Amino acid sequence: MERVVPERELVYIDYHDGTGDYAVTDTNNGKGKFESLGKGKKPPKKDKDNKDIKIGDYVTIGCTVDATTGQCSAISSTDVSVVKASYIPPAVNVYPKVLILLVDAPACGSGLPSSASVSSISQLYFGPNLDGKAGWAFRAENCSYGEVQIDVPNSKVMTVTPACTWPTTSCDAWAMANAANAAANTALGATVYNTFTHFHTLMAVPSACSWAGLATLGGGQSGGQVWLNLNTFTQTFSSWGQVPLQEMIHNFVLYHGYSSGIEYQDKTSFMGTGTACPSTPEMNWLGWASPVQGGEGLDSVALAPGAALGPYTIPATWATGLGNFVRVKTDWASWYTNANYGMNLYFELRQAVNGDANLDPLYAGKVVVHEILSYMDNDIPTYRSSDPRSNYMTSVLPNTRTVLSSPSLGVAYNLVLYAGALSGSRSEFVPLYLCRFVTADTEGSKPKPGERAPPMPPMPAELETSPPPRRALAQAPGQDKKALEGELVYIDYHDGTGDYAVTDTNNGKGKFESLGKGKKPPKKDKDNKDIKIGDYVTIGCTVDATTGQCSAISSTDVAVVKASYIPPATNVFPKVLILLVNAPACGSGLPSSASVSSISQLYFGPNLDGKAGWAFRAENCSYGEVQIDVPNSKVMTVTPACTWPTTSCDAWAIANAANAAAKASLGDAAFNAYTHFHTLMAMPSACSWAGLATLGGGQSGGQVWLNLNTFTQTFSSWGQVPLQEMIHNFVIYHGYSSGIEYQDKTSFMGTGTACPSTPEMNWLGWASPVQGGEGLDSVALAPGAALGPYTIPATWATGLGNFVRVKTDWASWYTNANYGMNLYFELRQAVNGDANLDPLYAGKVVVHEILSYMDNDIPTYRSSDPPLQLHDLVASASSLAAGPSSVPVAAAVASPSPSSPCPSPKPAPVPFAAAPASPSSSPSSLTVASPQGF
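Everything in the sequence shown is counted per UniProt numbering, starting at 1 for the first residue and increasing by one.
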């Protein structure tokens, strides 16, 4: 028997014994639902298109089913398709909303022990005052330097008694989670339940389960899952929380820590068996730590044999994540390129303070060294879903000299480590020197007598106290400030992360200065003004001397000079400069499929007049509001200098290089006449996206990047990717569905091949509500009476009066910033710009929901993400007849009294909207769903 699993996210459980199980998340039915691939069954390494299959991939799977278990018995590559590349939940600037379920199911053999109550578990998670200032939540915040902060007010501990749908004589973690989550969904209601981002099942699991805790690696889009075993209460539910913390961080796709090559045995990290924060290689992979200035990747070139290199002065890891490790690439070793043996080394100072207060005394006050697989560590974006085997190697005291070797590999690294004397107000800094030798360790020169690190800055006052320090508190030695001035713009990487820059308007258009990878501006400026995309700002930032980018930005260093500028999306005629980057010397040659002629036709149509191609589609979808100025736009080839990194993905540097080459070729005046700049290039392999764009940049030039390595996807004739990126320049975000970003198939702002939805159009200024239907609320919608008809045209026909908007202010949660929603009703048909609309939505009334507090005050929140999401659709099936391009809509609020339901609305004459004539292929009439049951 064959079963086809629709598009879902691939997740994995590691059982802590070298085995594990895979499942896919059932996002069609909300969060917290898993379909197992079968006990011990693995997906193939490649899909039908020879793409690597990774944890976090969005996949479709057709598998052969075992008739007894209902699970997959065989999966072949030809039955798997990777729909969307691996999504790794970001572990920075996140606020998990955790639903913690105490399973009380005595009928299933899983009664709740007396030691586990809502009160006792709440205190373990959130501290005795339930405020997150103690307990496991505080420890997660402390260890992550504030990057992971559990949203305590919007998290919940509750008891559930699920149906006994899991086997009690074997250990099926997926089935247990499905049962517990289903019971919670029923108790809370789908709307409230789906607001949670992470789901914890606490249960006396069957005796066949030999683990204390489990977690999914992956599951970030549809809900990270944790299991904690109440049968091992003393071990699992210790006040320190080693097991729960490890499982929580597994959800961000971080594996176990090793020691002596044995999984789970690193005692310096809670990702092993330690009662201490993660090690620096783990922090680096999570985005919590950065290398010390100049010490980010010392290799055979930097470490010339026989000379001591340093000092590299690092703070203890408890103090800050900034510059807290040295990383060495041991590429002089003959085995470095071997995938099993080649290692990078990380050096960190550990002290029993703050999050490390319970660090094993064996490692406290010492420089700790870890090794990690080099080929993965040198390309983290590619291997982020893999296990790099972070392995504890050794630890040494300050004021010592150590010849380094690997006990687990049984090899010498021909490297000497000199650890100097501690310094700083709390002895929290140590200088490190490194010396490589060829034959004998006596070749290495020792540091000169009295040589020491540069003077340390005073410890920030915040670090003298117990709350978790933030990254911006510490400034690494020797760093300077620099001033940036320009318009604040943002790239959304389509994976929940992004990067900020300011436009360099002093030097014309198309030039960006990055704030630094993953660095964000503060929420307020020095005058307590909100900082938004599109603001014209001055920024004084702490600079990393190696990268030249910001390493820290504080509110006191930012001034908003001019309030947010959102580029208008009405009556605009963009002059687009489209640059084909041909830089084979930089590893980015121009593929044969991309020529000035072929790309011009994709943009402007076969006659290059804008009456076809992507330009026409933009004009069609916007009802003529956005018309690319074809005669004054240009496609050209440039060969820029190789000023961008080729082993990482720096979109800003790529755009700067391409734009500089074009400017040199065209001259300043001609270059600055363009309003939008598109960089088309075979991007470095570290770039996992098909297209990017700045949100903002209207004053100095909107920027788009299109990846020539994904030519089939990016450069389709319909143009979903290019159109989405062009419209991002007008500060419109992605479309959601089922709470998952990018999944709205009714709009090219999601993954659809159709024009934007009406809430998107409304925010852009392309659409308006039908007369009388601009904001129906509890006053207009009196209980028990059907209101309408509101006759709306199909969106392809006109933007005038093409939607009804409802403010659901009768809902008790309407004023909650996370839950309050407005609803938009629109009619979609597969005509004109919507000709390629997914048949699932064609000919139907489509409903979207959008955050009400933003939607009710668009001018204030125009630079924010609402976020907009597909809610429902209604098939055409009633006696209300309509013309070819319009439909009547009725609305009502159910009466509080069950004896007086809303009556069905009476049919009414249907006025036709003034719009282009319907094509002859369109039906002459349309039957739509009456609001039956009102």
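Positions of the beta carbon are idealized from the N, C-alpha and C atoms, including for glycine.
Here the structure is a predicted model, which is why all the values come from computation and not from measurement.
Closer than 8 Å to chain C by CB, residue i
i, result
"Gly365", "Structure shown: chain C not included; a single protein chain is present."
Strand pairing of residue i, partner residues [DSSP]
i, result
"Pro431", "Thr313"
"Thr394", "Val369"
"His198", "Val98, Gly224"
"Arg828", "Lys844"
"Arg8", "Val59"
"residue 956", "Coverage of the chain is limited to positions 1 through 934, which leaves residue 956 absent and any answer about it impossible."
"Val581", "Val638"
"Pro361", "The partner list for Pro361 (beta bridge, DSSP) is empty, contrary to what the question assumes."
"residue 968", "Lying outside 1 to 934, the shown extent of the chain, residue 968 is not represented and no answer is given."
"Phe803", "Pro769"
"Gln869", "Tyr736, Glu849"
"Lys562", "Tyr536"
Residue j beta carbon less than 8 Å from that of residue i
i, j, result
"Gly295", "Asp360", "no"
"Gly534", "Val731", "yes"
"Glu741", "Ala693", "no"
"Val326", "Leu432", "yes"
"Asn358", "Ala276", "yes"
"Gly241", "Arg139", "yes"
"Ile850", "Pro759", "yes"
"Lys33", "Leu99", "no"
"Ala658", "Met636", "no"
"Leu515", "Tyr500", "yes"
"Thr201", "Val103", "yes"
"Lys48", "Val80", "yes"
"Pro398", "Gly420", "yes"
"Leu823", "Val806", "yes"
"Asp441", "Val416", "yes"
"Tyr413", "Leu404", "yes"
"His198", "Gly224", "yes"
"Val83", "Val59", "yes"
"Val92", "Ile55", "no"
"Val596", "Ser385", "no"
"Thr538", "Ala552", "no"
"Cys164", "Pro206", "no"
Contact set for residue i: own chain, Cβ-Cβ below 6 Å, skip 5 residues either direction
i, result
"Val243", "Ala212, Gly213, Thr236"
"Gly261", "Ser408"
"Asp151", "Tyr95, Lys97"
"Lys529", "Val560"
"Ala339", "Tyr375"
"Ser899", "Residue placement at Ser899 cannot be trusted, given a pLDDT of 37 that sits under 50; the coordinates are not used to answer."
Residues of its chain near residue i, where Cβ-Cβ distance is below 7 Å and the 5 sequence neighbours each way are ignored
i, result
"Val76", "The question names Val, but residue 76 in the sequence shown is Ser. Around Ser76: Pro44."
"Ala364", "Arg350, Gln351, Ala352"
Beta-carbon proximity list for residue i, same chain, < 8 Å, skipping 5 on both sides
i, result
"Val630", "Phe604, Leu608, Asp609, Gly610, Ala615"
"Ala585", "Cys642"
"Gly589", "Asn582, Ala583, Ala682"
"Lys526", "Ser555, Thr556, Asp557, Val558, Ala559"
"Ser594", "According to the sequence displayed, residue 594 carries Ala and not Ser. Hits under 8 Å: Leu580, Leu680, Leu708, Phe711, Phe715."
"Ala612", "Phe604, Gly605, Pro606"
beta-carbon residue i near the ligand FMN non-hydrogen atom, thresh 7 Å
i, result
"Leu432", "The ligand FMN is not part of this structure, which contains no ligands at all."
Could you tell me whether the stretch 302-316 touches the stretch 336-351, where touching means 3 or more Cβ pairs closer than 8 Å? By the criterion of at least three beta-carbon pairs nearer than 8 Å, the stretch 302-316 is in contact with the stretch 336-351.
At least 3 beta-carbon pairs within less than 8 Å: the stretch 300-310 vs the stretch 389-406: The stretch 300-310 is not in contact with the stretch 389-406.
Those runs of the beta strand (DSSP E) which lie wholly inside the stretch 672-709 and span at least 3 residues: With a minimum length of 3 residues, the continuous beta strand (DSSP E) runs that stay inside the stretch 672-709 are 676-681, 691-695, 702-707.
Does the contact criterion of 3 or more C-beta pairs under 8 Å hold for the stretch 555-566 versus the stretch 611-630? Result no; under three Cβ-Cβ pairs closer than 8 Å.
At what residue ranges does the stretch 232-263 contain a whole run of the alpha helix (DSSP H), taking only runs of 4 or more? 233-236, 242-250, all fully within the stretch 232-263.
Three or more beta-carbon pairs under 8 Å between the stretch 816-833 and the stretch 781-798, yes or no? Yes: the two stretches touch, three or more of their Cβ pairs being nearer than 8 Å.
Report the residue ranges of all alpha helix (DSSP H) runs contained in full by the stretch 595-650; include only those spanning at least 4 residues, in chain order. Unbroken alpha helix (DSSP H) stretches of 4 residues or longer found wholly inside the stretch 595-650: 596-604, 613-621, given in chain order.
Would you list, in sequence order, the uninterrupted alpha helix (DSSP H) runs of no fewer than 4 residues that lie entirely inside the stretch 704-768? Taking only runs of at least 4 residues, the alpha helix (DSSP H) segments lying wholly in the stretch 704-768 are 711-714, 720-728, 758-764.
Does the structure place the stretch 701-711 close enough to the stretch 662-679 that three or more beta carbon pairs sit under 8 Å? Enough Cβ pairs lie closer than 8 Å, so yes.
Any 3 or more C-beta pairs closer than 8 Å across the stretch 746-759 and the stretch 779-786: By the criterion of at least three beta-carbon pairs nearer than 8 Å, the stretch 746-759 is not in contact with the stretch 779-786.
Examine the Cβ distances between the stretch 275-292 and the stretch 178-187 and report whether three or more of them are shorter than 8 Å. In the pairwise beta carbon analysis, the stretch 275-292 is classified as not touching the stretch 178-187: fewer than three pairs are separated by under 8 Å.
Would you mind listing the alpha helix (DSSP H) stretches within the stretch 87-156 that are 4+ residues and don't spill past its ends, in chain order? 118-126, 135-143, all fully within the stretch 87-156.
Within the stretch 263-289, note down every full alpha helix (DSSP H) run reaching 4 residues or more, in order along the chain. Taking only runs of at least 4 residues, the alpha helix (DSSP H) segments lying wholly in the stretch 263-289 are 280-286.
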